[in-house]
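These notes are about the structure you will find just below.
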Amino acid sequence: MAPAQHRELADAMRCLPGGFQDRLPASALRRVADSAARGRWEKAIGELVMGLYMRDAPVSAAERDELRDALQALGVPAHRLDRLRSR
18 MAPAQHRELA DAMRCLPGGF QDRLPASALR RVADSAARGR WEKAIGELVM GLYMRDAPVS
78 AAERDELRDA LQALGVPAHR LDRLRSR
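So the sequence shown is numbered by my numbering: it starts at 18 and just counts up by one.
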């Protein structure tokens with residue numbers, strides 16, 4: 018991954034949890050943000066997706082696309098998003 022792509026992904030991963038703060042408890046958001054801050058992006062997005070799934074929190078099509086893009090950038094299969102409830 019090129020340095021510019023790395024920075025872009027890092028910025029996106031740090032901002033990503035904020036968009037879901039109305040649907041996840043503070044403790045889950047803190048775990049996601051802490052993982053992202055440490056550069057453990059796969060763990061961060063995994064916890065975010067699992068948190069949304071466990072709370073049966075709805076996601077919009079745009080949010081699903083954003084999550085899918087992040088997963089694909091990390092080389093992580095995006096099939097887990099299929100289980101998230103749509104808004």
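We put the CB at the ideal spot given by N, CA and C, even for glycine.
Being a predicted model, the structure only gives us computed values, none of them experimental.
query                                                                                                                     : result
Contact under 9 Å by Cβ, L101 with I62                                                                                    : no
Where E80 falls, given that 16 or more other Cβ within 10 Å makes a residue buried                                        : buried
Beta bridge counterpart(s) of S103 as assigned by DSSP                                                                    : V76
Chain-order list of residues whose beta-carbon lies under 8 Å from that of L91 (same chain, five-residue window excluded) : L26, W58, E59, I62
8 Å contact criterion, which R31 and A45 should meet: CB distance rounded                                                 : Going by Cβ atoms, the distance from R31 to A45 rounds to 16 Å, so no, they are not a contact pair.
Outcome for A130 when other beta-carbon atoms lying within 10 angstroms are tallied against a minimum of 16               : Any property of residue 130 remains undetermined from this structure, which presents the chain solely from 18 to 104.
Between the CA atoms of S103 and A95 - distance to the nearest angstrom                                                   : 15 Å
Exposure of A43, with buried meaning 16 or more beta-carbon neighbours within 10 Å                                        : exposed
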